[in-house]
Amino acid sequence: MTDIYAVMSMAGNALLTQQRAINVTGNNIANVNTPGYSRQKLLLETKIPVQTAIGLMGYGVEGVSVERVYDRFLGVQINAESETLGRYDARKDGLKLAEVIFNESDEFGLSQSLNKFFTSWQDLSNEPSGYNERVILKAQSDVMTGTFNRLYADLIEVQEGLDASIEGGVAEINQLAQQIAALNQKVMEVEASGDVANDYRDQRDMALKDLAALIDINSFEDSTGRVVVSVGTGQSLVESNSFRSLTTQVNDFGLKDVAWVDMDGATVNITADISNGKMAGWLEARDVDIRGYMRQLDILAETLTQRVNTLHQSGWGLDGSTGTDFFTGMTTASGSMDALLAITAETGGTGNIRVTLVGGGTAGSETVTTDPVTGDIQIAIEDGVSTGNQIATALQAHAGINSVVATAPAAAWDLSAGTNTAILSGGSSARTLQLNTAVSNDLNLIAASSTSAGIPGNNSQAIAIANLQHALSMKGNSITFENYYNSLVGAIGGDLQSADAYFNHQSAMVVQLENRRESISGVSLDEEMINLVKFQTAYDAAAKLITTADELMQTVLNMV
Amino acid sequence: MRVTNSMMSTTLTRHLMRQSESLYRVQEQIATQKKINKPSDDPIGMRQILQYRNKLATVDQYMDNIQRATTRLESTELTLKVVDDLVSVVREISQQQAKGTTQSRLFAADQVRDLYDQVVELANFKNGNTYMFSGHKTDRAAFGHVVEVSGGVAGNLEFGLAANATNVTIEVMDDSGAVINTITPAGGGADGVNSVAWSGPVPADGLYTFTVTASDAAGDVVDYATYNGDDGSVRVIMGENTELNIAADGREIFAPAGLLDTFEIFADLITALENDDSAAIDNLTPQLDSVRTQISEFRAASAPKLFQLESTENFWANYIPQLEKMLGDTENTDLNQAVMELNQLDLAYQSTLATASRIIQPSLVNFLK
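Chains as they are written, first to last, in numbering that gives the first Met the number 0: chain B, 0 to 559; chain V, 0 to 368.
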């Protein structure tokens, strides 16, 4: 059966639906610049047709639901790539700070002051009894040791800056976790009644992306539409509408580690498990790159002190003194592990070395390995079998260790009990390097003569020390002091260059992915304008339909 | 592909930023005239630059060392030339006085005494604050009457005598010239170099000068200066692990081992002139010739060292421009190339801006009535 009222009702529905469509279009236009917004569209369907004498007759249109246009897989991929992008971004920024410190291009750096130190010894060799030459040598030595100290202090400052970034990152992560948990709640509430929480989902996706840029996360959506987020080795960050938070704790190096707080307030250190995101980049720059540079400076200061002091001690000062140290400030690093092992000293003054016991070795022939960058020492032991004495013997054989005393020689080491890591700290030679104060107070102590009888005219010791400039003293006696440092500067530039290249590559990739997302979900004003015109015309037509139906009705009434 | 407004604007922004960055880099290269401004610009280049700079500074120091050594050798040469002239004057006197009178010989003896003083003064030539011919003992005059007290122990007093003397009196003086000790060796002194042990209280550590008065039955005996230095030589760094030894032992010039002692000959001549001893004077003239030969030989031995210094200096002088060129090639901006690059980048930037302004403005909105 069909009648005029049906036409009227169909036209009314059409008016309403087109108006809704205009509403959705309007929302799209309004959000054209909203970050993370996915365009929405009104899903139109024909209404259930009506059975008539001549068969099924269409009964108009209806808007079923408002959907957002979205590719879920793309979202996951963008999150994963954002993690990597964040990591290179943070590492690059950390290294840039280090590069500024080592910027030697303006001719006032350690390279030059090392050079001046040695040429000052040449000057002294020209006039071994000269007072002026001694004053200049003292001044150049002070400049050089001061530069060492400054570089080291500046690197510590960069580490502290990165520490602050890590703390800020933790606060940001906690805030995002809280935000995601709140959005989970809203999505669930809206969708319980069968609707789709488009805008809340968009916001949650944004928050997830921001979180991924900070730290590597694992996330999935459960059956009720809530996302579950975990970090580290599966520590839950967001679950349903509740969240756990991260915190920082001071580690043995005096820097901040990242820890996860469980329901009871106990913490789990997850620093080693953070492998991506800005947090990983900051940690990498702080604990590997910068620490490596500090260590190389330490080794340089340490070796320089050893070589110069050895020669200086065997020389004679103008006042007949001998055996004087030229540089001071060397300290040996030490540390202990539980009550079983006391590593009393590390060779030389290059400190902040981590000694770690791990499983997988054979008792009696434990293998010791060294990290080439940080100098960290790792020893593989046989868990529960290797004794304190065996471990001590194996460590003792390592070139970096001076002496190890096993306080419980016969006891077998159980990796599950106690801590298996010791930090050998205290030897930061580059920070403490200085000219022996005795020498700077009495310049006659500077030993230019190689014999007691040769005072004051003998210059052999000054020549010997000046010749250290060309001696292959570093890296297993393969390069000179100057070249060692110059290579360090080159290496820092290289590190930054490659971090920068990775960053650029990664950001190009993320941009491409975002463009694809934008291509699918973004708002095109042209398209919206077309839609607007389209829906408006449809609206106009529906209105015309009502007018027509009304006229039909008038005609019928007039007939009566 | 669906292209949205924000895609257009982000892509545009990104490309404009990238182009501005390239422009900034080229502009920096032109403004600083350096293509490497920080280590990451070119890590390997940066390392090379530092190496070249170190090398340049070190070579500068070598040149400095060489110049100082050259000055030293040249002033030695000049001094010894004057010494040679003076010895030749003494030889003339000796030859003339072979036929001289007693009176003229006494007068000549005074002349030779003056010349002796001059030669001693030249042998004690000071370069700045250091004595040049005292070996490593650069703080004391090479020749003279000096005794050293070190660690509370006094060394022997050494002096030369032209003849045996029965009475010898040694007066040791402090800095102010006051006599602090008088020593009279029991057996007097012998012809040649004498070494007398210290007697009496030992003064504080330091160097003390002394005078010698000697006589025998016939009258006064002339004393002469002995060497106070050691056999140390001066080492000069000319290059990487390359050193030059420059002799600084005054004995090699004035009293070489096994040869004649210049000052003894002078003293002998004075004695001979004063004693009117014709035979001795005759005998001394050829010896003075030998002394001149000794000095010439030493001068001749120094010449190759000067040559060595000069050629090494030339080598470094030629090496510096090469180093500077290598440093410049690594460090300096190639202006032509940079300006060309700037032009290209500028063109690209401007065309991007032009297209941007055309694409970004219109949308369908503008065309709907």
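Ideal Cβ placement from N, Cα and C applies to all residues, glycine included.
Remember, it's a predicted structure, so these values are computed and weren't measured experimentally.
- Distance from the CA of N53(V) to the CA of T302(B), rounded to the nearest whole angstrom, comes to 19 Å.
- About 6 Å separates the beta carbons of Q39(B) and N27(B), which is inside the 8 Å limit, making them a contact pair.
- Note on geometry: alpha-carbon atoms of G319(B) and M329(B) lie some 25 Å from one another.
- Residue pairing by DSSP places V31(B) opposite no residue, since no beta bridge is assigned to it.
- Ranked by Cα distance from A163(B), the options I491(B), M143(B), G453(B) and G93(B) are led by G93(B).
- The C-alpha of Q433(B) lies about 10 Å from the C-alpha of A300(B).
- For D153(B), not one C-beta of chain V is nearer than 8 Å to its own C-beta.
- Across the structure, G35(B) and Q28(V) are spaced so that their CA atoms are roughly 40 Å apart.
- At least one beta carbon of chain V lies nearer than 8 Å to the beta carbon of H469(B).
- Under the three-pair Cβ rule at 8 Å, the region 68-77 of chain V does not count as touching the region 517-534 of chain B.
- Between the region 234-241 of chain B and the region 169-181 of chain B there are three or more inter-stretch CB-CB distances shorter than 8 Å, so the stretches are counted as touching.
- For G231(V), the closest Cβ of chain B is nearer than 8 Å.
- In the DSSP assignment, W259(B) falls within the unbroken beta strand (DSSP E) covering K255 to V260.
- Beyond the five residues adjoining it in sequence on each side, D251(B) comes within less than 7 Å, by CB distance, of I422 in the same chain, given in chain order.
- By the beta-carbon neighbour count (other beta carbons within 10 angstroms, threshold 16), P455(B) is buried.
- Against chain V, the CB of L123(B) has no partner CB under 8 Å away; the residue lies outside that interface.
- Each residue's CA atom was taken as its position, placing G334(B) and A341(B) some 7 Å apart.
- Judged by their CB atoms, A170(B) and S241(B) are not nearer to each other than the 8 Å cut-off.
- Scanning A542(B), N351(B) and L414(B) for the CA closest to the CA of V357(B) turns up L414(B).
- Taking the C-beta atoms as reference points, K33(V) is found nearer than 8 Å to N331(V).
- The Cβ of D92(B) sits no closer than 8 Å to any Cβ of chain V.
- Note that the C-beta distance between R430(B) and T373(B) is not below 8 Å.
- Beta-bridge analysis with DSSP links W120(B) to no other residue.
- Cα atoms of A302(V) and F101(B): separation of roughly 48 Å, rounded to the nearest angstrom.
- By DSSP's assignment, V372(B) forms no beta bridge with any residue.
- Under the 10 Å beta carbon count, N32(B) is surrounded by fewer than 16 other beta carbons and is classified as exposed.
- Judged by beta-carbon spacing, R46(V) lies beyond the 8 Å limit of V99(B), meaning their Cβ atoms are not closer than that value.
- The Cβ-Cβ distance between R67(V) and N458(B) does not fall below 8 Å.
- Neighbours of S459(B) across chain V, judged by C-beta separation under 8 Å: R234.
- Residue environment for R357(V): exposed (fewer than 16 other C-beta atoms within 10 angstroms of its C-beta).
- In the three-state reduction of the DSSP assignment, W315(V) falls in the helix class, which pools H, G and I.
- Among the residues of the region 132-144 of chain B, none has a Cβ less than 7 Å away from any Cβ of chain V.
- Proximity of chain B to D138(V) at the Cβ level (cut-off 7 Å) is accounted for by S128 and P455, in chain order.
- Your pair V195(V) and G151(V) does not check out as a contact, with CB atoms roughly 19 Å apart and the cut at 8 Å.
- The DSSP-derived three-state label of R52(V) is helix.
- In the structure shown, W412(B) adopts coil according to DSSP, grouped into three states.
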